[in-house]
Amino acid sequence: MEDRSIRVLHVEDDPDFADLTAIFLERESGRFAVETVTDPNEGLARVEDHPPDCVVSDYEMPGMNGIELLRAVRSRYPDLPFILFTGKGSEEVASDAISAGVTDYLNKAGGTQQYELLATRVHNAVEKARMEAERQRRLHAIETAREGIAFLDSDFRFITVNEAYADLFGYDPEEMVGESWRLLYDEETIEEEVGEIGAALGDQEYYRGEQTFRRADGSSFVADHVVSQTEGQEYVCLVRDVTERKEHERELREQREQLQRREEKLIRLRDYTQELMYAETPSETASVALRAVDEILGFDLGAVFVQSETQDGVLESVGILNRSRMERMYGGIPVFMRDAPPGTHSELVWDVFESGEAVFINDTAESAVLARKSPFGSLMVYPIGDHGVVLLAATILEAFTETEEILLDLLATALETACDRLDRERALRRQRDELERKNERLEEFASVVSHDLRSPLHVAGGHLELARTETDATDHLDAAATALDRMEKLIDDLLTLAQEGEKVAEAESVVVADVAGTSWQTVATEKATLETDVSRRIQADRGRLRQLFANLFRNAVEHGGSEVTVRVGVTDGGFYVADTGRGIPESNREKIFEAGYSSSENGTGFGLRIVEQVVEAHGWEITVTESEQGGARFEITGIDTME
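Residue numbers (my numbering): 20 to 662.
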């Protein structure tokens, strides 16, 4: 907000009069803020330290009179309002004051009217100084403005023009003053241009638009032109040359159009890349890519070459755009050999394929790469990973722009991705076929083992039932029954190993302690004890996790005795199963997971192998250490989702 207060410095050697003057001035107007000093030297220091809006000074003062103070102030502040307010004035003093640049001269008189008059004189002097300062500021702004600014009279003749305005038209400012602004228009268009301004000024008191002007040298330029009318019936004109802006706008339009065309091509290219994801053979991927080349890039000659499946060091086509023309150009469908002579297309194509660096040749005749004459004017070879290359050709020179290079890079990347996908799908099919064959063999193995063992078991079982009725055959029969039980357990373990597979069927959130407790109920534990100190949930196949616990519990009972204590607890990244048995010697810890290995006469040798299979199927890890009580401790870790 504009500060409208008026700071007055009153230099008066009579302190009583000075105080009275300050009281009356501030009473006359709330805008006045009066500072009083009785020493003129101190007053000069105040001016230099912080200039007031107006100085009011007495004439006769000790050490320096009012005229001397005025001259000292004017040497530093030529425009600062200075009023000589004295009781001992004369014509000579008044003349000297005027010569020294006094703003106003006022004699002291009796009564309060002198203060009213002084207040009016101070107010007028300050307002006049402020208006002059504002005028000078605006004039300086006009003179230094980058825009062309001119003032014209009511007849549209130049009163003032700044340097920028004159420079726009090729004149000196002095040349233009007094001239009509018709000087700035072509004869053919002057009536239309001036009439347009006149009509606008009549309707809305200002005009704004683009007009064509003429310079002093006769050249023309387009500029923004603003004309407005002042209260004094003068006109203010602002002119800004927009020739560069117009050129910039034209360039921007061309860039926008180019970007729009590129965006349209990218949208179509996106559609083709999506289509590539559904191609099922290399020839289908080549066909999709070449259709994109034809529609988006606008080339009518191209081909996709990949490594031959039957010949080493050969790139052969799997798709050609405009086959007949390609045959005419090459004298047949080309095949590119790794050991081709230098300077040939084959050498160029293989260099691109092996280096992974694309080559763009916009003038094959000037190319240092091709030593032999080429049937094309422009040639582009782009690698598609370790699969092959895309070759594009044109009979004209300079056929490939930056846009074509960018689009082809995107297309080649999509084509490489599609070829990678085909390779992965082929590999997956091979793996699936191999897995099916393995499963068939495993099922056959399981069937054979089951058949070969179960048949004699049924026969032995029948004889045992008969033998139980005979005298003194009990011990032998019990031993036979034990052997048969062991054989049946062996079959169950073998079937588990053969049929469960290497991956879990479906993982779910399970409570470790609950599954361990359920598994404990399925094992012949006699007087053994189970302790669980784990409340966490994990993601696991519930059925196979029961197998893991059951086999670990059975192993603990078989090797630790009927009164063994088994503990399930938490460890970093998993859980453990530990017992109080005799433990596992360190030399045997690598063998215990081998199928068929057992240190117990009653064991099948497959229980811990089943445990390892369950762990591997979940992607976990298992290690064997010694428990705190000297028994065995199995740690299952690598479980990501412990809750």
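We put the beta carbon where it would ideally sit given N, CA and C, even for glycine. Since we're looking at a predicted model, the values are computed, not measured.
Requested in this report: Decide yes or no for the touch test of the segment 270-289 against the segment 314-322: beta carbon pairs closer than 8 Å, at least 3 of them.
Outcome: The answer is yes - the segment 314-322 touches the segment 270-289, with three or more Cβ pairs under 8 Å.
Report task. Flag this pair as touching only if the segment 166-176 and the segment 114-130 have three or more C-beta atom pairs under 8 Å; answer yes or no. Result -> No, because fewer than three Cβ pairs between the segment 166-176 and the segment 114-130 fall closer than 8 Å, the two stretches do not touch.
**Report entry** Beta-carbon proximity check, D222 vs A242, cutoff 8 Å
**Finding:** Annotated as distal: D222 and A242, with beta-carbon spacing of 8 Å or more.
Report task. Identify every residue that forms a DSSP beta bridge with N126. Result -> T105, per the DSSP bridge assignment.
Query raised in the report: Counting Cβ pairs closer than 8 Å, one from the segment 588-603 and one from the segment 631-638, do we hit at least three?
Result: No: the two stretches stay apart, fewer than three of their Cβ pairs being nearer than 8 Å.
Query raised in the report: Do V246 and Y254 have their C-beta atoms within less than 8 Å of each other?
Result: Here V246 is near Y254, since their CB atoms are less than 8 Å apart.
Requested in this report: Determine, using beta carbons only, whether N570 and I658 come nearer to each other than 8 Å.
Outcome: With respect to I658, N570 sits apart: the two C-beta atoms are not nearer than 8 Å.
Query raised in the report: Around the C-beta of D358, are 16 or more other C-beta atoms found within 10 angstroms, so that it is buried, or is it exposed?
Result: Here D358 is exposed, its C-beta having fewer than 16 other C-beta atoms within 10 Å.
Report task. Measure the alpha-carbon distance for G600 versus T656 and round it to whole angstroms. Result -> Roughly 22 Å separates the two Cα atoms.
Requested in this report: Report all residues from its chain with a CB closer than 8 Å to the CB of E198; omit the five preceding and five following residues, and keep chain order.
Outcome: Contacts found: R176 and F177.
**Report entry** Same chain only: Cβ atoms within 6 Å of R663, ignoring 5 sequence neighbours per side
**Finding:** Summary: the structure shown does not reach residue 663, with the chain confined to residues 20 through 662, and so no result is reported for it.
Report task. Evaluate the contact criterion for the segment 641-653 versus the segment 601-613: three or more CB pairs, one atom per stretch, below 8 Å. Result -> Using a Cβ-Cβ distance cut-off of 8 Å, the segment 641-653 and the segment 601-613 are in contact, since at least three pairs of beta carbons, one from each stretch, lie closer than that value.
Report task. Name the two residues that bound the continuous beta strand (DSSP E) containing Q248. Result -> Where Q248 is concerned, the enclosing beta strand (DSSP E) stretches over S239 to Q248.
Query raised in the report: From the DSSP output, which residues share a beta bridge with P402?
Result: Beta-bridge pairing by DSSP links P402 to V408.
Requested in this report: Taking only the alpha-carbon atoms, compute the straight-line gap between V354 and E328 and give it to the nearest angstrom.
Outcome: Cα atoms of V354 and E328: separation of roughly 13 Å, rounded to the nearest angstrom.
Report task. Assign H69 to buried or exposed, taking buried as 16 or more other Cβ atoms, counted over all protein chains shown, within 10 Å of its Cβ. Result -> Exposed: under 16 other Cβ atoms inside 10 Å.
Query raised in the report: What's the gap between the Cα of E273 and the Cα of S238?
Result: Computed Cα separation, rounded: 26 Å.
Query raised in the report: Based on the DSSP output, what are the partners of M356 in its beta bridges?
Result: Paired residues: V333.
Query - Length of the line joining the Cα atoms of T249 and A113 - result: Cα to Cα, the separation comes out at about 39 Å.
Query raised in the report: Based on Cα-Cα distance, which residue from M348, T262 and M296 lies nearest to E444?
Result: Answer by Cα proximity: M296.
Query raised in the report: Is E118 buried or exposed, if buried means 16 or more other CB atoms sit within 10 Å of its CB?
Result: Looking at the sequence provided, one finds Ser at residue 118 rather than Glu. That one is exposed.
Report task. Could you tell me which of L429, S109, D591 and E455 sits nearest to Q293, measuring between CA atoms? Result -> It is L429 whose Cα lies nearest to the Cα of Q293.
Report task. Check E193 in the structure and name its three-state DSSP category. Result -> Reduced to three states, the DSSP call for E193 is helix.
Query raised in the report: Is there a Cβ from chain B that is less than 8 Å from the Cβ of T541?
Result: Here chain B cannot be found, since the structure has a single protein chain.
Query raised in the report: The alpha helix (DSSP H) with V307 in it runs from where to where?
Result: P301 to A311 is the span of the alpha helix (DSSP H), which, as asked, contains V307.
Report task. Please go through the same chain and pick out, in chain order, the residues whose beta-carbon is closer than 8 Å to the beta-carbon of M345, but skip the five residues on each side of it. Result -> Excluding sequence neighbours, M345 sits near L320, A322, I339, I352 and P353.
Requested in this report: Could you pull the start and end residues of the alpha helix (DSSP H) that L533 belongs to?
Outcome: The amino acid at residue 533 is misidentified as Leu; the sequence shows Asp. D533 -> alpha helix (DSSP H) spans V531 to Q540.
Requested in this report: Quick one: measure Cβ to Cβ for P100 and T122, integer angstroms, because I've assumed they're closer than 8 Å.
Outcome: Approximately 5 Å separates the beta-carbon atoms of P100 and T122; this is inside 8 Å, confirming the contact.
**Report entry** Spatial neighbours of E455 in its chain, beta-carbon cut-off 6 Å, leaving aside the 5 residues before and after
**Finding:** Excluding residues within five positions, none has a Cβ falling inside 6 Å.
Query raised in the report: Which partner residues does L340 have in the DSSP bridge list?
Result: According to DSSP, residue pairing for L340 in a beta bridge involves G321.
Requested in this report: Pull up the distance between the alpha-carbon of L271 and that of R280, whole angstroms please.
Outcome: Rounded to whole angstroms, the separation of the alpha carbons of R280 and L271 is 14 Å.
Query raised in the report: When you compare each of D405, F324, E527 and Q566 to E536 by their alpha carbons, which one comes out closest?
Result: Checking the sequence shown, residue 536 turns out to be Gly, not Glu. The residue from D405, F324, E527 and Q566 with its alpha-carbon nearest to that of G536 is Q566.
Report task. Report yes if the C-beta distance between E31 and T55 is below 8 Å; otherwise report no. Result -> The answer is yes: Cβ separation under 8 Å.
Query raised in the report: Assuming L410 and V368 make a contact with CB atoms under 8 Å, what is their CB distance in whole Å?
Result: At roughly 7 Å, the Cβ-Cβ gap stays under 8 Å, so L410 and V368 are in contact.
Query raised in the report: How would you label R154, buried or exposed, when you count the other beta carbons within 10 angstroms and need 16 or more for buried?
Result: Exposed is the call here.
Report task. State the CB to CB distance for the pair D552 and V587, rounded to an integer number of angstroms; the pair is presumed to be in contact (CB under 8 Å). Result -> Contact holds; Cβ gap of about 7 Å.
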